[in-house]
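For the sequence shown, full-length UniProt numbering assigns the number 1 to the initial residue and increments by one for each residue that follows.
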Amino acid sequence: MADFSTPLTALRATAKTQPYVTAVKQKHNATTGPRYSDVSYHQFENDIEATASYWKKTFLPHDISEQSVIGVWLKGTSYEDMLHIWGVFRAGYTAQLILLRMTDPSVAHEVLTAAGAAALVHDPYLTSVLQDSTIPTFSANGLLSKSESKLTPVGPLPKMMDGDQILMIYHTSGSTSGAPKLVPITARWMTMVKVAIGSSTHMGSTMLFLESDLQGGCFIIPTSIPYPTSELVDMIDNHGLTRLDMFPVFLSQLFRQARHDPLLFRIELVVPPESPVCPHYSLTDATDGKGRDDDWVKMEMALRCDANSIEVDALQCCGDDLIHAVVAIGVGRPSPAIVLEPKHDDVLESTEKTRELQLKVLQRITPFHRRRYKHERIEDVNLIFVVPQLSLPRTDTKGNIRRLKVEEQFKQKLDEMFK
């Protein structure tokens with residue numbers, strides 16, 4: 001049977017050949033101003049070992065056996081979060097990563113149950129909402145030291161002899177079906193991906209980190225996502241940033257800002273069409289849409305939001321008595337908004353009547369939105385706009401509401417909402 005390596009196997013190999021090369025840079029806001037702390041591959045491996053030992057010691061009294069699924073519900077944007085994720089894996093467990101954007105405990109419980117999770121490691125701020133958890137919960141508190149875990153050896157690195165063995169479990173957003181689906185990552189698939197291409201709880205970030213690890217590179221963790229332009233310039237000028245993986249929405253913002261900012265304008269990268277990184281010319285601007293080509297809205301961090309499902313739910317909840325037509329908008333915004341035509345135009349006669357309608361609509365759609373990611377939810381009554389019947393722009397032939405046209409009409413109002 002083939003022996004499939006793991007991400008930690010690659011980390012150990014790099015730590016052995018390049019122990020003092022910087023593996024991770026993380027920015028901190030110190031009293032003297034922003035600064036970066038450097039973590040070498042040797043230190044990174046030792047920190048993971050200490051964290052793994054801590055979790056091994058923590059889980060033992062609860063009879064949680066090795067290879068059990070351990071839910072990990074963290075923000076995933078700090079060095080400490082990375083240690084907890086890889087520490088759980090290093091201790092011999094299967095880490096199930098849950099994005100902090102999924103804030104509804106009932107949905108998190110569903111994905112944990114579906115994976116058969118034996119315990120949950122969580123961000124400290126979630127403690128209050130997990131008091132009724134049916135599985136043991138453990139708060140992930142900061143950076144652990146060797147002194148906290150030196151009495152519990154973790155043994156040799158997990159050795160994957162079966163390509164179908166599950167290393168980690170991610171999940172989909174559940175935007176369309178209303179229930180997230182599990183995405184198990186097998187040893188065979190992980191090996192193929194890391195050979196080909198190289199928020200820690202996000203699959204994309206994990207792949208980028210693995211690539212950096214395999215190449216002996218340095219992974220910079222910013223202070224926040226998105227991060228300010230000044231921080232990016234600082235990474236380039238003072239910390240040797242040579243490669244940048246960025247969501248298209250952020251990149252387009254940089255392009256716009258570079259027109260007025262000399263610091264950005266001087267940074268230039270030209271990719272000629274004959275470059276080997278470019279796909280076949282026939283694939284340029286190719287899209288793979290769902291339904292109409294604008295049924296998915298790309299939000300602020302290039303996260304996708306199923307606008308059509310928002311509209312369908314609103315009509316199911318309110319179509320009989322409150323809403324005549326509705327469209328969801330919010331391209332490039334932190335959260336979506338809806339623009340609706342009321343069932344009866346008399347609600348526009350006064351501000352009080354309009355507000356009453358908005359509140360009723362929000363109350364009815366809340367159960368649906370509570371289960372969605374933060375960037376997919378409408379939680380503010382001011383993100384429900386009311387316009388007269390038949391005033392929304394429609395296509396001439398089928399009479400479908402033109403979402404992009406509505407986006408243009410409400411751009412200024414959304415700018416004011418999210419400034």
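Cβ atoms here follow ideal geometry from the backbone N, Cα and C, with glycine treated the same way.
Between Glu300 and Arg333, the C-beta gap is smaller than 8 Å, which places the two residues in contact. Out of Leu11, Leu60, Phe265, Tyr36, the CA that lies nearest to the CA of Glu49 is found in Leu11. Each residue's CA atom was taken as its position, placing Asp132 and Leu112 some 14 Å apart. Listed in chain order, the non-local C-beta contacts of Arg402 below 7 Å within the same chain comprise Pro393, Arg394, Thr395, local neighbours out to five positions each way being set aside. Residue state for Pro105 is assigned as helix, using DSSP reduced to three classes. Assignment of Val347 by DSSP, reduced to helix, strand and coil, places it in the helix class. For the set Lys419, Val327, Val331, Val233, the Cα lying nearest the Cα of Leu390 is the one of Val327. Straight through space, the alpha carbons of Pro228 and His84 are spaced by roughly 27 Å. Counting along the chain, Met168 sits inside the beta strand (DSSP E) bounded by residues 166-171. The DSSP-derived three-state label of Phe138 is strand. In terms of Cα proximity to Tyr36, the closest of Leu340, Leu404, Ala307, Asp234 is Asp234. Using a 10 angstroms sphere on the CB of His369, the tally of other CB atoms reaches 16 or more, which defines it as buried.
Take Ile64, set aside five residues on each side of it, and the residues of its chain with a beta-carbon closer than 8 Å to its own are Ile70, Tyr93, Ala118, Ala119, Pro136, in chain order.
Of the candidates Arg304, Gln316, Asp164, Lys411, the residue whose Cα lies closest to the Cα of Arg377 is Arg304. Around the CB of Ala91, 16 or more other CB atoms lie within 10 Å, so the residue is classed as buried.
The DSSP-derived three-state label of Phe255 is helix.
CA-to-CA, the gap between Leu322 and Ile384 works out to about 13 Å. A Cβ-Cβ contact shorter than 8 Å links Val406 with Val339. Less than 8 Å divides the Cβ of Val39 from the Cβ of Tyr79. Distances from the CA of Ala114 to each of Ser173, Leu182, Glu231, Gln409 were compared; the closest alpha carbon is that of Leu182. Take the alpha-carbon of Arg259 and the one of Arg266: they are about 10 Å apart.
Nearest C-alpha to Val21 among Ala13, His375, Lys374: Ala13.
Inter-residue distance for Asn238 and Lys16 is about 27 Å (C-alpha atoms, whole angstroms). Beta bridge pairing from DSSP links Trp73 with Ile98, His122. Counting other Cβ atoms within 10 Å of its Cβ, Leu359 stays below 16 and is therefore classed as exposed. Among the bridge pairs identified by DSSP, Tyr36 is matched with Lys27. Excluding residues up to 5 positions away in sequence, Ala179, Pro180 lie with their Cβ nearer than 8 Å to the Cβ of Glu110 in the same chain.
By the criterion of a C-beta distance shorter than 6 Å, Gly87 is surrounded in its chain by Ile48, Thr51, Ala52, Trp55, once the five residues flanking it on both sides are discounted.
In the same chain as Thr58, and ignoring 5 residues on each side of it, the C-beta atoms closer than 8 Å to its own belong to Phe138, in chain order. In the three-state DSSP reduction, Ile85 falls in the helix class (H, G or I). Taking Ala307 as reference, the option from Pro336, Gln316, Glu416, His171 with the minimal CA-CA separation is Pro336. The beta carbon of Val107 sits closer than 6 Å to those of Arg371, all from its chain and outside the five residues before and after it, given in chain order. When the five nearest sequence neighbours on each side are left out, the beta carbons in the same chain lying within less than 7 Å of the beta carbon of Pro105 are those of Val129, Leu130, in order along the chain. Per the coordinates, the alpha-carbon of Lys419 lies some 12 Å from the alpha-carbon of Lys411. Spanning the alpha carbons of Gln409 and Asp295 requires a straight line of approximately 18 Å. Leu99 and Ser350 have their C-alpha atoms spaced approximately 42 Å apart.
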